[in-house]
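The UniProt record's numbering puts the last residue of the sequence shown at 193; the count rises by one with no breaks.
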Amino acid sequence: MAPHYQATTLIASPSYPDAITWSSDNLVAVASGHIVTILNPAALDGPRGLVVLRPRDPFPIGVVSREDLFEPSLVPTSLARDTEPCARSVSWSQQGFAPNSGCLLAVCTVDGHVNLYRPPVSEFCDDWVKVADISQLLFNYYQNINFGEDDGPSFPQEKANIDHAPQEKLNNKHTLDTGYAGELQEPLSLRGP
């Protein structure tokens with residue numbers, strides 16, 4: 001009689017809370033190191049799937065330019081980055097998002113990349129197919145809308161006519177432009193009935 005368990009070798013032990021998940025179409029994803037192993041508990045001798053993570057360039061977010069390194073406002077820090085890819089979290093979609101009404105697998109890596117994978121079309125292939133790179137799509141979207149740091153007040157200085165307008169007029173103009181009065185209301189507990 002065959003044993004009622006499925007043994008597999010992992011390259012590392014799962015070390016993150018969301019490293020093992022069970023899908024609604026009865027597949028188990030185990031993230032360990034740079035490989036996500038997909039197991040099928042319904043078929044103990046059956047096929048297994050793999051998602052192999054490849055090294056990627058980090059996004060240019062929070063990069064300090066060389067000329068700004070010696071600014072007194074920067075706190076001296078020592079930053080280190082692990083260059084090897086490692087799966088931090090895996091999560092399954094609802095059933096029906098992948099072909100043959102299967103589930104998609106989202107894999108988040110330690111460097112913040114999130115990718116969607118689907119099962120292979122052929123049963124003879126173990127590697128799951130990348131459907132979308134969610135982080136790259138989000139990064140491109142933010143680049144297209146010029147998302148960045150706030151560089152100052154939300155209303156243009158030339159429209160405010162600083163040289164000829166009193167401060168009260170500036171405050172009223174800012175209130176009308178932004179809808180923010182700049183004053184807090186008193187708490188409800190202090191108001192009378």
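Where is the CB? At the ideal position from N, CA and C, for every residue including glycine.
Please read these numbers as outputs of a predicted model, since none were measured by experiment.
Item, Value
"Buried or exposed by the 16-neighbour rule on C-beta atoms within 10 Å, applied to Asn-161", "Interpretation of Asn-161 is limited by its pLDDT of 48, a score under 50 that renders its predicted location unreliable; the figure taken from the coordinates is listed afterwards. Its Cβ having fewer than 16 others within 10 Å, Asn-161 is exposed."
"Short Cβ contact (8 Å threshold) for Cys-108 with Ser-89", "yes"
"Neighbourhood of Ser-15 by C-beta, 6 Å cutoff - its chain only, sequence neighbours within 5 removed", "none"
"Contact set for Thr-83: own chain, Cβ-Cβ below 8 Å, skip 5 residues either direction", "Pro-55"
"Cα-Cα separation, Ala-31 to Ala-87", "6 Å"
"DSSP beta-bridge partners of Cys-125", "Answer by DSSP bridge pairing: none, since Cys-125 is not bridged."
"Closest residue to Trp-22 among Leu-53, Gly-102, Val-63 and Pro-72 (Cα-Cα distance)", "Gly-102"
"Between the CA atoms of Ser-73 and Tyr-142 - distance to the nearest angstrom", "27 Å"
"Test item: CB-CB of Leu-50 and Ile-38 under 8 Å", "yes"
"Residues that Thr-21 bridges to, as DSSP identifies them", "Ala-29"
"Buried versus exposed, by CB contacts within 10 Å (16 or more), Val-121", "exposed"
"Residues that Cys-108 bridges to, as DSSP identifies them", "Ser-89 and Val-114"
"Segment limits, beta strand (DSSP E) that includes Leu-50", "49-52"
"Assigned exposure category for Asn-115 - 16 Cβ within 10 Å defines buried", "buried"
"Per-residue DSSP class, three states only, for Ile-35", "strand"
"Nearest to Cys-125 (by Cα), restricted to the options Ala-19, Thr-8, Asp-111 and Arg-48", "Arg-48"
"Residue interval of the alpha helix (DSSP H) (run including Phe-139)", "134-144"
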